[in-house]
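Novice: Read in order, the letters of the sequence shown correspond to residues 2 to 350 in this note's numbering. For glycine and all other residues, C-beta sits at the position ideal for the given N, C-alpha and C. Fair warning: this is a prediction, and the values are worked out from it, not measured in the lab. My structure is below; once you've seen it, I'll send some questions.
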Amino acid sequence: MKGLFSIVLFLFGGIITAIYIGFGFQTNSQTAVVDEELVGLHEKYTLKFSHVVARNTPKGLAAAYFAELVKEKTNGWVEVQIFPNGVLYSAQEEFEALKRGDVNMIAPAFSEVTLHDEKWIAFDLPFLFDNEQMVEQAFNGRVGELLLKSIETKGYKGLAFWDNGFKQLTNNNRPVVNPEDIKGLSFRVMPSEALFKTYRTLGARARTFPFNEVYNVLQDGIVDGQENTLSNIYSKGFYKQQKYMTVSNHNYLGYVILVDPIFWDTIPEIYQESIQEAIDEVTVWLREHAKELNEDMFLRISSTGITEIHELSEEEKKQWLKELKPIYDEYEPIIGDELMKEIRKVQGY
């Protein structure tokens with residue numbers, strides 16, 4: 002009987018020990034070890050991404066692809082919610098919404114950024130780059146590095162540059178081929194001081210309206226024309242309200258992906274890396290497809306027969322650039338010597 006009691010006591014002691022260990026009970030002399038890399042990994046994160054263009058534009062398609070990649074790379078622990086077409090905020094309202102934490106990611110056009118950082122006026126200098134190769138060299142090189150560093154001092158963290166395409170002119174009054182053709186006309190532009198100055202220099206008038214209001218503004222004749230990429234002109238139906246289009250390639254419309262650094266720091270590092278990987282993959286994908294998409298939109302616009310189209314020759318572009326030299330003289334000091342020096346390198350000077 003005594004032997005049986007000893008066996009039972011032994012077994013009971015083993016069970017108690019197993020429970021003690023299994024539930025992680027520790028003596029006061031022990032310190033819990035925490036793996037910092039695992040903190041927050043079992044918490045789901047939602048990233049609200051707001052932008053103002055249609056889903057079938059380069060940025061709209063890129064945003065949707067980005068959401069898919071993030072879900073895949075984080076096994077669903079990070080969800081990207083896309084709010085396109087300005088359904089939440091206008092382009093400028095997005096900046097304040099980002100700071101408040103109402104959204105977590107935005108992709109403003111460079112011209113919109115100029116209201117928050119004057120150095121970004123660099124991309125609004127007329128006829129700055131001749132082709133997409135120059136643009137990508139700027140994005141991926143020292144020019145892009147300096148601009149992202151500059152916007153960081155304003156309280157925004159830049160993750161990447163996204164492509165759209167070169168801007169073209171449309172209007173409802175007359176063909177615009179030479180600089181004098183634009184005199185007296187009014188155009189909707191984004192709220193960049195350099196863009197306003199550009200049109201004033203040419204004898205035209207520039208006005209700013211939220212992107213989602215442009216169609217109605219054109220329809221109601223509040224302005225004569227607007228400037229935009231072919232993908233935006235087609236996807237928003239601007240061509241339906243415009244008799245003339247000039248393929249001028251006078252500015253490049255691109256986007257910068259911005260997040261609030263305070264929000265960014267709340268995301269575990271392993272998820273930050275996954276998000277950045279997704280951004281980088283989409284950036285490469287967009288670079289390959291944006292030009293193709295704009296070319297397709299050009300064919301669609303021209304096939305409608307609604308809009309008379311003129312493509313500026315290289316000689317005609319030189320005439321425009323000659324008229325617009327004062328823009329460079331005025332804004333190069335604001336942009337700064339270091340950034341302008343790097344831009345000149347991209348231009349081949």
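Tell me the DSSP bridge mates of E194?
Specialist: Bridge partners of E194: none, in fact.
Novice: Please determine if the stretch 327-347 and the stretch 135-149 are in contact, where contact requires at least 3 C-beta pairs separated by less than 8 angstroms.
Specialist: Verdict: yes, contact present.
Novice: Identify the continuous alpha helix (DSSP H) that holds S275 and give its terminal residues.
Specialist: From DSSP, the alpha helix (DSSP H) with S275 extends over E270 to T305.
Novice: Identify whether Q93 lies in helix, strand or coil by the three-state DSSP scheme.
Specialist: In this structure, Q93 counts as coil in the three-state DSSP scheme.
Novice: I'd like to know whether the C-beta atoms of R189 and Q227 end up nearer to each other than 8 angstroms.
Specialist: Contact flag set, yes.
Novice: If we require 4 or more residues per run, which alpha helix (DSSP H) segments fall completely within the stretch 126-181?
Specialist: Here the runs fully enclosed are 133-141 and 143-153.
Novice: List the whole-angstrom C-beta distance separating V53 from G87, where the pair is believed to meet the contact cut-off of C-beta under 8 angstroms.
Specialist: Right, their Cβ atoms sit about 4 angstroms apart.
Novice: For the candidate residues P262, N213, N172 and I122, whose alpha-carbon lies nearest to that of T199?
Specialist: Nearest of P262, N213, N172 and I122 to T199, Cα basis: I122.
Novice: Measure the alpha-carbon distance for E317 versus V248 and round it to whole angstroms.
Specialist: Each residue's alpha carbon lies about 11 angstroms from the other.
Novice: Q82 and K45 - do their beta-carbons sit closer together than 8 angstroms?
Specialist: No.
Novice: Does the count of Cβ pairs from the stretch 315-333 and the stretch 124-131 closer than 8 angstroms reach three?
Specialist: Segments in contact, yes.
Novice: Can you tell which of Y66, T230 and E333 has its C-alpha closest to the C-alpha of A170?
Specialist: Position check: residue 170 holds Leu in this sequence, whereas Ala was assumed. The shortest Cα separation from L170 among Y66, T230 and E333 belongs to T230.
Novice: Would you kindly work out how many angstroms separate the C-alpha atoms of Y240 and L203, rounded to a whole number?
Specialist: Near 23 angstroms, if we compare the C-alpha coordinates of L203 and Y240.
Novice: Spatial neighbours of M191 within its chain, please: C-beta separation below 7 angstroms, excluding the five flanking residues on both sides.
Specialist: Counting only Cβ-Cβ distances below 7 angstroms, and skipping sequence neighbours, we find A110, S112, E113 and T209.
Novice: Quick check on S249: does DSSP put it in helix, strand or coil?
Specialist: S249 falls in the coil class under three-state DSSP.
Novice: With burial defined as no fewer than 16 other Cβ atoms inside 10 Å of the residue's Cβ, what is the status of K237: buried or exposed?
Specialist: Classification for K237: buried.
Novice: On the DSSP letters alone, give me the boundaries of the beta strand (DSSP E) that I122 sits inside.
Specialist: No beta strand (DSSP E) contains I122, which DSSP labels as neither H nor E.
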